[in-house]
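Number of protein chains: 2
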Amino acid sequence: MRDTALQHAYAVIMAGGSGTRFWPLSRRRRPKQLLTLLTKRTLLEEAVNRVRGLLPADRIYVYTNSLLRAACSRCLRGIPPSHIIAEPAARNTAPTIGLAAHEILRRDPDGIMVVLPADHVIRRVARFQRALRAGCSWVSVEGRSVTIGLKPDGPETGYGYIQKGRRAGKSGATVIFSVDRFTEKPPIETAREYVASGRYLWNGGMFIWRAATLLKNLERAKPEMARALARISAAGGVRATRTLRRIFPRLEKVSIDFAVMESISECYVIEADLGWSDVGSWAVVHDLAPKDSEGNTRPRSSLSLDSSGNMIVAPTKTVVTVGVKGLVIVDTKDALLVADLRRSQDIGKAVRELERLGRKDLL
Amino acid sequence: MRDTALQHAYAVIMAGGSGTRFWPLSRRRRPKQLLTLLTKRTLLEEAVNRVRGLLPADRIYVYTNSLLRAACSRCLRGIPPSHIIAEPAARNTAPTIGLAAHEILRRDPDGIMVVLPADHVIRRVARFQRALRAGCSWVSVEGRSVTIGLKPDGPETGYGYIQKGRRAGKSGATVIFSVDRFTEKPPIETAREYVASGRYLWNGGMFIWRAATLLKNLERAKPEMARALARISAAGGVRATRTLRRIFPRLEKVSIDFAVMESISECYVIEADLGWSDVGSWAVVHDLAPKDSEGNTRPRSSLSLDSSGNMIVAPTKTVVTVGVKGLVIVDTKDALLVADLRRSQDIGKAVRELERLGRKDLL
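Quick note, the sequences are listed as chains U and G, same order. Here the first sequence stands for residues 116 to 478, numbered as in my numbering. Here the second sequence stands for residues 116 to 478, numbered as in my numbering.
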């Protein structure tokens, strides 16, 4: 028999995200989770592999959208095709997680959901797995929800924070804290205070709860959404897809954090130092990636003269740099980006401008 | 009847040059003279068009090498194929000009050669044609050689200079000066003195002389070369090509300036302000090319956010720049260059490095 802590655990990998900050490598049909940024595998594949060390493939679900379903399947050969679910519209995380909760509950009334983003990096996989196991064990015993809080490296303003409360107990060797509150992305001064206090953790969007508990919370917080999801879930066979297509796109667009977590009366947090990053820009990839002696991340075939601190991506071409510093250079078949690496957060602006100019072919 | 001043004039366009400073757009098989840098036509085509305003096509000769002959022919549809001559080896300008002198002399004992580089830019074409006409007229009357001296824009250290001597006379409205001496590329202090004196002109490699005079001078200065060229010239029919292939590659590698011009007892110069440039680097192209309001030279399809002073060449791709300044970005099928525009003279170093690394495919 497998690990009893994980006996009723199911992973729900959230792979429907879109984004523009990795343009031109990322496109509408190939968003961040489908890029190979730091390893030879896509971020999605890495996310699935991390839980495959804990769970059998048939207890892993991947939620994505119809544009990405085929690409997701291609990089997830071991996952049953019926577990790669294409939503007909992007409605943020709450509707997706509600849908997944119904699916799991149907299979296992004691089902515990482990909700995980598909597009983050976690370098300390053993610790990550330890945290998930401890979380699942705590949830199965205590019934209440657990989130993973990341030990902050610095006063990041791009993340939400979790305020740790009192120590609630231990799950195996892992300390469990209560949550005082979830916060929105803070201004820099607040972020500095948070980090200095030692009482705040980054919210990495990783949650563990019983499917039944989640649905109960959703019914309370978002009764209309809960009813619609129940209707979708009740429709079986061929009708299921049709019902999904009809109802899902009209659901409220709201994140699970906002819809449920902040209203959960008692939630727990596991503090973990996982080498985690949401890899939010080319600058972050450059920080995390291997570099040459001049601090360039670049293909082996490239040639760098008096150039330092550059991030170069060019899968099919020899790149030569002469006397340039701190650039991100991304070459693709139809588009080339050359930007100041410190401006890599602004690449989205360029993409919006391309959209305005009607260059749909490049999005 | 055509212009009597030009009755015996023949253009010899020197199109055998190679170079690396426009890599990756320029390659061994597509050097600078075959690039379209500032107009829709190659520099070679522009060079030929400039003299086609003065001379019929059958008095224009283009000397190139076997690697480039086909490409030269493609962009010079109006020139008789037999006038596009492929040398079997690069021996600098003296052997080529000697060969051309024999060819012209065979057709016309009074033939006057107008020797012109294929890879320069001249924006004031009417003035250029006026200078050539005046030069040809002076040569046909006086018998001695004439060179075109360019009015310097600044203390360039990349050019040879011509020291003007006394005023020798007029050819039509054009003043003819004697030449005191030709100089090598000077150090910057010397270049500053030259320009300040007002007595020095840039040597743009444009010479006018009687074919017979040139050969006489060559016999005196380089007797061995002169004999070899005479042997090549004497071989007719099928033998001609074979003799050329056998003898030409062994000729001394020497420029006409060095071989003959500096030893010519009396040479004249026409001072001209032609909007001339030898377009020696991407930085020069950027100086000469049209720019957007931020000083970028870039394709219409490109998108430039907070970027200025860049030189962008990307014939088949959309380039997006964010927050970058003073770069040269050149995209080709197999290679991409991103360099500081002020370092564009150093691109050759990168090419030599590629050669050292065995990347012949990119040269």
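Virtual Cβ for every residue (Gly too), placed ideally from N, Cα, C. It should be emphasised that the depicted structure is a prediction, and the values quoted were computed from it without experimental measurement.
Residue-chain proximity (residue i, chain U), Cβ-Cβ < 8 Å
| i | result |
| --- | --- |
| A454(G) | yes |
| V239(G) | The identity of residue 239(G) in the sequence shown is Arg, whereas the question assumes Val. No - not a single Cβ of chain U is within 8 Å of the one on R239(G). |
| D446(G) | yes |
| D407(G) | no |
| R474(G) | yes |
| L469(G) | yes |
| L442(G) | yes |
| M116(G) | Interpretation of M116(G) is limited by its pLDDT of 40, a score under 50 that renders its predicted location unreliable; no figure is taken from the coordinates. |
Any chain G beta carbon closer than 8 Å to residue i
| i | result |
| --- | --- |
| K432(U) | yes |
Chain-ordered chain G contacts of residue i [CB-CB under 8 Å]
| i | result |
| --- | --- |
| G438(U) | A454, D455, R457, R458 and D461 |
Where residue i meets chain U, residues with beta-carbon distance less than 7 Å
| i | result |
| --- | --- |
| K464(G) | L420 |
Chain U residues whose Cβ lies nearer than 9 Å to that of residue i
| i | result |
| --- | --- |
| L477(G) | T433 and V435 |
Where residue i falls, given that 16 or more other Cβ within 10 Å makes a residue buried
| i | result |
| --- | --- |
| A503(U) | Only positions 116 to 478 of chain U appear in the structure, and residue 503(U) is not among them; the question remains open. |
| A185(G) | exposed |
| K300(G) | exposed |
| A349(U) | exposed |
| R117(U) | Residue placement at R117(U) is poorly supported in this model, since its pLDDT is 49, which falls under 50; the coordinates are not used for a value here. |
| V254(G) | buried |
| L472(U) | exposed |
| K432(G) | buried |
| S459(G) | buried |
| R174(U) | buried |
| G226(U) | buried |
| A343(U) | buried |
| A130(G) | buried |
Nearest-angstrom Cα separation, counted from residue j out to residue i
| i | j | result |
| --- | --- | --- |
| L140(G) | L469(G) | 15 Å |
| S197(G) | D223(G) | 17 Å |
| L481(G) | A216(G) | It is not possible to answer for residue 481(G), since the shown part of chain G is limited to 116 through 478. |
| L170(G) | S293(G) | 26 Å |
| S188(U) | I199(U) | 7 Å |
| R415(U) | T154(U) | 15 Å |
| S370(U) | K475(G) | 54 Å |
| T228(G) | L452(U) | Note that residue 228(G) corresponds to Met in the displayed sequence, not to Thr. Spanning the two alpha carbons is a distance of roughly 49 Å. |
| D393(U) | D234(U) | 7 Å |
| N411(U) | D446(U) | 16 Å |
| T356(U) | R248(U) | 33 Å |
| K368(G) | A204(G) | 10 Å |
| G250(G) | K147(G) | 27 Å |
| V310(G) | T298(G) | 13 Å |
| R239(G) | S312(G) | 25 Å |
| V230(G) | V437(U) | 36 Å |
| R192(U) | Y178(U) | 15 Å |
| S260(G) | R281(G) | 16 Å |
| F373(U) | R296(U) | 12 Å |
| I219(G) | A126(G) | 10 Å |
| R245(G) | G258(G) | 19 Å |
| R206(U) | V256(U) | 32 Å |
| P405(U) | I427(U) | 12 Å |
Neighbouring residues, chain G, relative to residue i (Cβ below 9 Å)
| i | result |
| --- | --- |
| D449(U) | T431, K432 and T433 |
Any non-hydrogen atom of the ligand FMN closer than 7 Å to residue i Cβ
| i | result |
| --- | --- |
| S252(U) | Because no ligand of any kind appears in the structure shown, any question about the ligand FMN cannot be addressed here. |
Query raised in the report: Between the segment 204-219 of chain U and the segment 361-374 of chain U, are three or more C-beta pairs nearer than 8 Å?
Result: yes
Query raised in the report: How do the segment 133-152 of chain U and the segment 459-478 of chain U stand: do at least 3 beta-carbon pairs fall below 8 Å, yes or no?
Result: yes
Requested in this report: Say whether the segment 318-337 of chain U touches the segment 279-288 of chain U, bearing in mind that this needs 3 or more beta-carbon pairs closer than 8 Å, one atom from each stretch.
Outcome: no
Query raised in the report: Does the segment 381-388 of chain U touch the segment 335-351 of chain U, meaning 3 or more C-beta pairs lie closer than 8 Å?
Result: no
Query - Inter-stretch contact (C-beta, 8 Å, three-pair minimum) for the segment 261-270 of chain G and the segment 312-319 of chain G - result: yes
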